[in-house]
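In my numbering, the protein residues as written are 13 to 248. Positions of the beta carbon are idealized from the N, C-alpha and C atoms, including for glycine. Please read all numbers here as calculations on a predicted model, not as lab measurements.
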C-alpha cells in the first residue's frame, strides 16, 4: 500500500512537473514567437553599385559658349575665316560677325530652344496691323516653317556653309552677271515693239532671269540647301 501510495505520489509529482515543464515550454515558445514578430528585421548593409570604369574622355569639340554659339578648333576657324575674307559679299561684316557666322556653320545655336517659343517670338515681332503681319496671320504655315528651320540641327549650319564656298559664290556671281547682261540687251531689242508687247516681254524676261538664277543657285549649292528645302516641302 505504501508502495502504491509512493508510486501514485511519484506519478502525480512527475505529472505536475511535466505539466509545469510543458507550461514553461509553452510560455517560452509564445515569448520567442512574440520576440520574432516584434523584432525588427536586420538591416542589410547597402552595397553601392559598382560604377563602370570611366571612359576616356574625348577631346571636347564645338563646345557651346555663353552666347549659345559653339567654339570650334582655332585652326579650323582660321581656315574658315580665310575663306570668308575671300567672299566679296561679306566685306560689310566686321570680324566678330564673321567669327559668329563661322561658328554657326558647325552648330545651330537655336537647336535646343523650343519650337513654339521661336514661333511665338516671330508672331509677336510682327505687327498684325502691318501687311506682312497680316500675311503671317493668314498663312501660319510660314511661321511654322521658319520655326522648324530655326530648331533643326542641320538646316542653319548647312545654309551658313554657303558663305564658306568663295569659289562657288564667284561662279554664281558670274552667272548672275551674264543673265543680267543678256536681259539688258534683249530689253533694248524689245524697245521697238508696241507698249503691250514690251510689257509682256519684260515680264517674261524678268521671270525667266529669276528662274535661271534660282536654278543656278540650287544646282551650285544643292547640298547646302537640301536640309532647308526638305523642311519647306514637308510643311507645304
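The residue among 240, 91, 180 and 235 with its C-alpha nearest the C-alpha of residue 101 is 180. If you ignore the 5 residues before and after residue 183, its C-beta comes within less than 7 Å of the C-beta of 232, all in its own chain and listed in chain order. Within the region 164–196, the alpha helix (DSSP H) runs of at least 4 residues that lie entirely inside it are, in chain order, 167–172. Burial state of residue 212 is exposed, judged by a 10 Å Cβ sphere holding fewer than 16 other Cβ atoms.
From the listed residues 145, 188 and 163, the smallest Cα separation to residue 119 is found for 163. With contacts defined as CB atoms closer than 8 Å, residue 129 and residue 148 fail to qualify as a contacting pair. Residue state for residue 242 is assigned as helix, using DSSP reduced to three classes. Collapsing the DSSP output to three states places residue 140 in coil. Annotation for residue 210: the continuous alpha helix (DSSP H) segment containing it runs 207–232. The closest CA to that of residue 224, considering only 107, 185 and 174, is found on 185. Here the alpha carbon of residue 177 sits roughly 7 Å from the alpha carbon of residue 95. Minimum Cα-Cα distance from residue 214 among the listed residues 198, 105 and 227 corresponds to 198.
One alpha carbon belongs to residue 106, the other to residue 228, and they sit about 29 Å apart. Linking residue 121 to residue 108 through their CA atoms gives a straight-line distance of about 16 Å. In terms of Cβ geometry, residue 155 and residue 161 do not form a close pair [threshold 8 Å]. About 6 Å separates the CB atoms of residue 240 and residue 171; that is less than 8 Å, so the two are in contact. Taking all protein chains in view, the Cβ of residue 236 is crowded by 16 or more other Cβ atoms within 10 Å, so the residue is classified as buried. In the displayed model, residue 203 falls within coil according to three-state DSSP, outside both helix and strand.
Per DSSP, residue 117 is not a residue of any alpha helix (DSSP H), being assigned neither H nor E. Between the alpha carbons of residue 98 and residue 169 lies a gap of roughly 19 Å.
A check of alpha carbon separations from residue 243 across 165, 150 and 226 identifies 165 as the nearest.
Boundaries of the alpha helix (DSSP H) around residue 95: 86–98.
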